[in-house]
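Visitor:
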Amino acid sequence: MTSWLDHTVNGLIIGNIYALIAVGLALIFGVSNLINFAHGSVYMIGAYTGWVCVAAIGTPLPLTLLGVVVGCAALGILIERFGLRPLQGAPRIAPLLATIGIGLVLEQIAQLIFSPDPRALPSQLPAWRLPLGSGSIGALDLFIAAVGVVSTAVLYGFLRFTHLGWAVRATAQDRDAALQMGIDVHRVNQVVFAIASALGGLSGVLVGMYFNNIFPAMGFQATLKGFVAELIGGVGSVPGAVAGSLLLGLIESYGVALLGTSYRNLFAFLILIAVLVWRPNGIFSSTRQVPPEPLTGTFIAPSKPVHVPRWAYAAATAIFLALPLIWRDSYIIQTLTNAWLYGMLALSLTLVAGTTGQMSLGHAGLLAIGGYASALLALDLGVPVPLALLLAGFITAALGTLLIFPAFRLRGHYVAIATLAIGEIVGLVILNWEGLTRGPIGVVGIPPLEFFGLPLYDTSALYWVSFTIMVLLALLQWRLTQYHLGRALRAIREDDVAARAFGISLNRYKGLAFAFSGFVAGLSGAITAHMYSYINHETFNTQISLLALTMIILGGMGNIFGAIVGAVALIGLPEMFRAVAEYRILLYGIVLLLLVRFRPQGLMGTV
Amino acid sequence: MTLLTIESLTRRFGGLTAVDAVTMHVQEGELVSIIGPNGAGKTTLFNLISGVDVPDAGTIVFGGQSVGGMPAERLAALGLARTFQHGRVFANLSVLDNVLIGAHARLRAVRPPTGLFAPLAELTLALIRPAAVRAEEERIRAEACEVLALFGERLLPRLEHPAYSLSYANRRRLEIARALTLHPRLLLLDEPTAGMNPSETAEMLDVILQLKERGLTILLIEHKLALVMQLSNRVIVMDDGRVIAQGVPEHVRNDPAVVEAYLGHSAVGADAQEPSVLEVTA
């Protein structure tokens, strides 16, 4: 019995931390209908600001907290002013993509300044602990709980009783009407971002002290947990976010007690999917919604695709086929091989996110399924490598479609969150299912690619294999989307209500799109696995999903040739200037931001 | 023969009953209009009939089959086509592709009859594209151009233009062309002339008359009463979610309940006008 009390206390403390993140996300969503992917990075910046105060300057606790609050509020104001305000009137998914870019940039800047390694953030609170049950509760635990309660109360008072809070609520309900009534919605947005970011930063520094450990990538998981909590309570609701956070904290705590720590995140993401599917308005609501107007979740800028004559495609193919014979720099050839593998991923993503309008942020999960399937088939069952590759494609098509199926009924932003979570779930299942996947150790000694029994180690041979497969897949995809299937998929993207009214079953066609997309991505992951000869649960991470997204936006959403252009531009070019290798991810973030702002149709135009 | 029968159909949104025990029917070959003030529940009724929304109570029988709550895509396959109140063309698709979507529910060669592996068969056929599939595609393309010819030179010269580049009136025309390409047994038109000027409205009137002469069964929501009086076999008047009157146009025009719904109670306005006001709004 007593141990349950400990788990409850522990769950409530973790829940309180989630609440500080979720409340900020809920505030921002309420006012600007935006899922702020940069929130976790603000939280991370909060932790590092705290570290600078404590370790470098040596401020006392109140000053540390003040520094974090002021610094993060200022950061929030900057994000709102320069990252999001220029995107008013853009498709609703555009600000979401911008926050992904901002998040990447902040994380990379922190990595460049403070190095990617974790560092300690000592707690500035007294070390006494109060015995409670079989365990104890410390000053920091109580302090975190107090900060959670006080900031929620202050926020409630602000929203309820102050003039500005009133304006915030009015803006949340109807932005245009608020504007008509003379409310300065820009200022409201700015205030909301400042408050939300201050809360996020505060929770970052508290979490850092709690675990005595901070690292630049800490924000990503925090953002996801914040989303889960917010979704449980109902998106955009501040009290709901608090309740959802406490509930999530408790569920995680009990779950970890039952199954072990490595399952902690799995719970959060499974709950996320369950809530999205069964109670998309949060577990406290049950209203049946009227179908909304179209074009809420797509990112297709009206544009004419750049016309490329057929002979140009043929010429480009011939040149790239001949390249290893002409340019004998094996580094360049390896880099381009890598670009072709990413090109397949981009082809796969552009079919679902571009052509079908289902913004997938978990595409690396498909690579992982393909990679593991092929590696394990070849290693454990002795399947010849070429057959294993093909089977991996089909397995990924089937398994990927099955996994994403619950998200088929979602629209717009929710698809993005659900696929992100599904991608995470794939990684976590791989990590935990040791019997099949070898768990954290990874798969070692994967046999190399082979051609009729002849193993391929030669750089040029690998280049030709991956290039040929990519070109074949691109041709297949082009043929597939030319007539009725292309029309049906794009109709779903443009307006799913009207598409259904004309006999297009959403499940069937989203299923077909994800199946083909899964086949292509699975093949890419499988080839990668055999080339690397070693993979683990982190080989195909979310950063790869985001990179693929940047590629297809760069090339032009839905544009098959554009996807390949995007892959070459983002993989090939930075590698060729080896000096900038350290800044690569920073560069991707900046490219994504600039594209969303200045050239949403990409280089080759949307299709 | 009765094509559509609706009985005691009800849909509530929270405390509001948008469609309240509506009972009505449409005969084959008939053109029936639904009129009524804004918020009367006309579009909600259309959403229920076309499967976009699910009724809370009541039955809908279409072509002898109970279809209440059936998903929209299956209704389309049964031959029910609609247009939308505010126009919902596929903005980034070309005019031709928009019309071709209308033929989707009729595709047979590339979409073999349903079965467990039907989606995979469809994927394979779309990839291999055998002669039958190519012939079908050619046929529906020719049909699409025929349908577009209904609107003269309005849309035909713009076949490859994206739909977002069309004028408002042309988008409404495109929606009707898309619906006709489905070869519907019943066509639901939701305010086809909204936002059109008098000459465009007259043009639309001609088009709908042509469709009626071809024997197409049409259920029409319209605010322009001159148009309604000229086109309809029967008129159904809705107010506050309920049917308050129905019958031939002349009968409905003089119904006191209708006049009251449109103009308020005669005791409220001191000099409430005679029913002829209905024509003024047209």
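Residue numbers (the working numbering), protein chains in the order written: chain W, 825 to 1431; chain S, 19 to 300. Just so it is clear, CB atoms sit at the ideal spot from N, CA and C, and this is done for glycine as well. As the structure is a computational prediction, the values presented were derived from the model and not from experiment.
Per DSSP, what kind of secondary structure is Ala944 of chain W in: helix, strand or coil?
Guide: Here Ala944 of chain W sits in coil by DSSP.
Visitor: Using the C-alpha atoms, what's the distance from Arg190 of chain S back to Thr248 of chain S?
Guide: Strictly speaking, residue 248 of chain S in this sequence is Gln, with Thr absent from that position. Roughly 20 Å separates the two Cα atoms.
Visitor: Could you compute how far the alpha carbon of Ala1067 of chain W sits from the alpha carbon of Gly1043 of chain W?
Guide: C-alpha separation (whole angstroms): 21 Å.
Visitor: Pick out whichever of W:Ser975, W:Ile968, W:Leu1160 has its Cα sitting closest to the Cα of Tyr1287 of chain W.
Guide: Checking every option, the nearest Cα to that of Tyr1287 of chain W belongs to W:Leu1160.
Visitor: If you drop the 5 nearest sequence neighbours on each side, which residues of the same chain put their C-beta closer than 8 Å to that of Leu1171 of chain W?
Guide: The answer, listed in chain order, is Met1294, Leu1297, Ala1298, Gln1301, Val1344, Ile1384, Ala1387, Ile1388.
Visitor: Does the CB of Arg1423 of chain W have a neighbour CB from chain S at under 7 Å?
Guide: Arg1423 of chain W does not count as touching chain S.
Visitor: Do Asn251 of chain S and Glu91 of chain S have their C-beta atoms closer together than 7 Å?
Guide: It is not a contact, given that the beta carbons lie outside the stated cut-off.
Visitor: Write down every uninterrupted run of the beta strand (DSSP E) in the segment 207-292 of chain S whose length is 3 residues or greater and which is fully enclosed by it, in chain order.
Guide: Whole beta strand (DSSP E) segments, 3+ residues: 235-239, 252-257, 260-265.
Visitor: Can a CB atom of chain S be found closer than 7 Å to the CB of Ser1329 of chain W?
Guide: Yes, Ser1329 of chain W counts as interfacial toward chain S.
Visitor: If we require 4 or more residues per run, which alpha helix (DSSP H) segments fall completely within the segment 984-1056 of chain W?
Guide: List check, alpha helix (DSSP H) in window: 987-997, 999-1004, 1009-1035.
Visitor: If I measure Cβ to Cβ from Leu1416 of chain W and keep anything under 6 Å in the same chain, skipping five residues before and after, which residues do I get?
Guide: The answer, listed in chain order, is Gly925, Thr1374.
Visitor: What do you reckon, are the CB atoms on Thr101 of chain S and Glu193 of chain S nearer than 7 Å?
Guide: A contact, by the Cβ cut-off of 7 Å.
Visitor: Unbroken alpha helix (DSSP H) runs of length 4 or more, entirely within the segment 168-199 of chain S: which are they?
Guide: Those alpha helix (DSSP H) runs which fall completely within the segment 168-199 of chain S and span 4+ residues are 186-199.
Visitor: Contact defined as beta carbons within less than 8 Å: I believe Gly1178 of chain W pairs with Gly1342 of chain W. What is the distance between those atoms, to the nearest angstrom?
Guide: Incorrect: roughly 16 Å between the Cβ atoms, too far for contact.
Visitor: List, in chain order, every chain W residue whose beta-carbon is nearer than 7 Å to that of Ile119 of chain S.
Guide: In chain order: Arg1311, Ala1315, Phe1326.
Visitor: What does the alpha-carbon distance come out to for the pair Ala288 of chain S and Ala244 of chain S?
Guide: With a pLDDT of 44 at Ala288 of chain S, under the threshold of 50, the modelled position of this residue cannot be trusted; read the value that follows with caution. Near 26 Å, if we compare the C-alpha coordinates of Ala244 of chain S and Ala288 of chain S.
Visitor: For Gly1121 of chain W, does the three-state DSSP call read helix, strand or coil?
Guide: With a pLDDT of 46 at Gly1121 of chain W, under the threshold of 50, the predicted position of this residue should be treated as unreliable, and no value is reported.
Visitor: Give the list of continuous alpha helix (DSSP H) stretches no shorter than 4 residues that lie fully inside the segment 70-143 of chain S.
Guide: Complete alpha helix (DSSP H) runs here, min 4: 90-95, 113-120.
Visitor: Should Asp1204 of chain W be labelled buried (16 or more other beta-carbon atoms within 10 Å of its own) or exposed?
Guide: The residue is exposed, with fewer than 16 neighbouring Cβ atoms inside 10 Å.
Visitor: Helix, strand or coil for Met1355 of chain W per DSSP?
Guide: Three-state DSSP puts Met1355 of chain W in a helix.
Visitor: Could you please give the first and the last residue of the uninterrupted alpha helix (DSSP H) stretch that includes Leu1418 of chain W?
Guide: It spans 1408-1422 - the alpha helix (DSSP H) in which Leu1418 of chain W sits, taken as one unbroken run.
Visitor: Nearest chain W C-beta to Asn13 of chain S closer than 7 Å, yes or no?
Guide: Here chain S has residues from 19 to 300 only, and residue 13 of chain S is not among them.
Visitor: Would a check of beta-carbon distances place Leu1304 of chain W closer than 7 Å to chain S?
Guide: Cβ-Cβ to chain S under 7 Å: yes for Leu1304 of chain W.
Visitor: Over what stretch of residues does the beta strand (DSSP E) that includes Phe31 of chain S continue unbroken?
Guide: Counting along the chain, the beta strand (DSSP E) containing Phe31 of chain S begins and ends at 20-31.
Visitor: Could you compute how far the alpha carbon of Phe31 of chain S sits from the alpha carbon of Phe1108 of chain W?
Guide: About 18 Å.
Visitor: Within a Cβ cutoff of 7 Å, which residues of the same chain sit near Val266 of chain S, ignoring the five residues on either side of it in sequence?
Guide: Hits under 7 Å: Arg252.
Visitor: Ignore the nearest five residues each way along the sequence and tell me which others in Cys896 of chain W's own chain have a CB closer than 6 Å to its CB.
Guide: Val866, Gly870, Ser1021, Ala1022, Gly1025.
Visitor: Do we get a CB-CB distance below 7 Å when we pair Gly1121 of chain W with the residues of chain S?
Guide: Bear in mind that the predicted position of Gly1121 of chain W carries a pLDDT of just 46, short of 50, making it too unreliable to give a figure here.
Visitor: Please state the DSSP three-state secondary structure of Gln45 of chain S.
Guide: Reduced to three states, the DSSP call for Gln45 of chain S is strand.
Visitor: Could you give the distance in angstroms between the alpha-carbon of Gly1426 of chain W and the alpha-carbon of Leu111 of chain S?
Guide: In a straight line, the C-alpha of Gly1426 of chain W is about 18 Å away from that of Leu111 of chain S.
Visitor: Using a Cβ-Cβ cut-off of less than 9 Å, give me the residues of the segment 1332-1352 of chain W that come near chain S, in sequence order.
Guide: Answer set for the segment 1332-1352 of chain W: Arg1332, Tyr1333, Gly1335, Leu1336, Ala1339, Phe1340.
Visitor: Going by C-alpha distance, which of W:Phe1326, W:Ile961, W:Val833, W:Ala1125 is nearest Gly913 of chain W?
Guide: When each option's Cα is compared against that of Gly913 of chain W, the closest is W:Ala1125.
Visitor: Which residues share a DSSP beta bridge with Gly962 of chain W?
Guide: Partner(s): W:Arg953.
Visitor: Would you kindly work out how many angstroms separate the C-alpha atoms of Val1099 of chain W and Gly1106 of chain W, rounded to a whole number?
Guide: Each residue's alpha carbon lies about 7 Å from the other.
Visitor: For His122 of chain S, go through chain W and note every residue whose CB falls closer than 9 Å to its CB, in chain order.
Guide: Within chain W, the residues near His122 of chain S are His1308, Arg1311, Ala1312, Ala1315, Ala1323, Phe1326, Gly1327, Ile1328.
Visitor: Compare the C-beta of Ala144 of chain S with all C-beta atoms of chain W and state if any pair is closer than 7 Å.
Guide: Cβ-Cβ to chain W under 7 Å: yes for Ala144 of chain S.
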